[in-house]
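Reviewing the structure listed below.
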Amino acid sequence: MLLAALGAPGRATGGPVSPGRPFWVGERGPELFVPTAAGSVLPTPGSGGGREVRVNIAINAAPEAAPAALARSSRQVARAVKAAFADMED
Numbered sequence: 001m002l003l004a005a006l007g008a009p010g011r012a013t014g015g016p017v018s019p020g021r022p023f024w025v026g027e028r029g030p031e032l033f034v035p036t037a038a039g040s041v042l043p044t045p046g047s048g049g050g051r052e053v054r055v056n057i058a059i060n061a062a063p064e065a066a067p068a069a070l071a072r073s074s075r076q077v078a079r080a081v082k083a084a085f086a087d088m089e090d
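Going by my numbering, the letters in the sequence shown line up with residues 1 to 90, in that order.
Rendered as structure tokens:
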């Protein structure tokens, strides 16, 4: 999510790239790739392609009120998580 927040989409699962636009790649950690021509990042078959994603949600409420607070904000949380994953795919 932090990488997407910086404005550079990722290509962990492959996808097209545009010249002059940065993309996050890296099998040994985050690397910024800025192609000079259009092309594609191709995932390696059988490489697993997965990554661990952790989402932390902090709710500042009394313990007995936390479940209701989470229920009230569940749509907002779901939208934020979906947007973060969509940004990772771009």
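Note that beta-carbon positions come from the ideal geometry of N, C-alpha and C, so glycine has one too.
> When DSSP labels each residue in this structure, what does leucine 32 get in the three-state scheme?
Replying inline: strand
> Which value, in whole angstroms, describes the spacing of the CA atoms of isoleucine 59 and alanine 65?
Replying inline: 10 Å
> Taking the DSSP output, what are the residues bridged to serine 40?
Replying inline: Pro16
>> Helix, strand or coil, according to DSSP, for alanine 5 in the structure here?
In response: Confidence in alanine 5 is poor, its pLDDT being 47 and thus under 50, which makes the residue's placement too unreliable to answer from.
> Nearest-angstrom Cα distance between isoleucine 57 and alanine 86?
Replying inline: 19 Å
> Since phenylalanine 85 sits in a beta bridge, which residues does DSSP pair it with?
Replying inline: In DSSP, phenylalanine 85 forms no bridge with anything.
> Going by alpha carbons, who is nearest to leucine 32 out of Ala83, Pro9, Ala71, Val81?
Replying inline: Pro9
> Where alanine 80 and alanine 69 are concerned, what is the direct C-alpha to C-alpha distance, given to the nearest angstrom?
Replying inline: 16 Å
>> Taking a contact to mean a Cβ-Cβ separation below 8 Å, would you say glycine 20 touches valine 34 in this structure?
In response: yes
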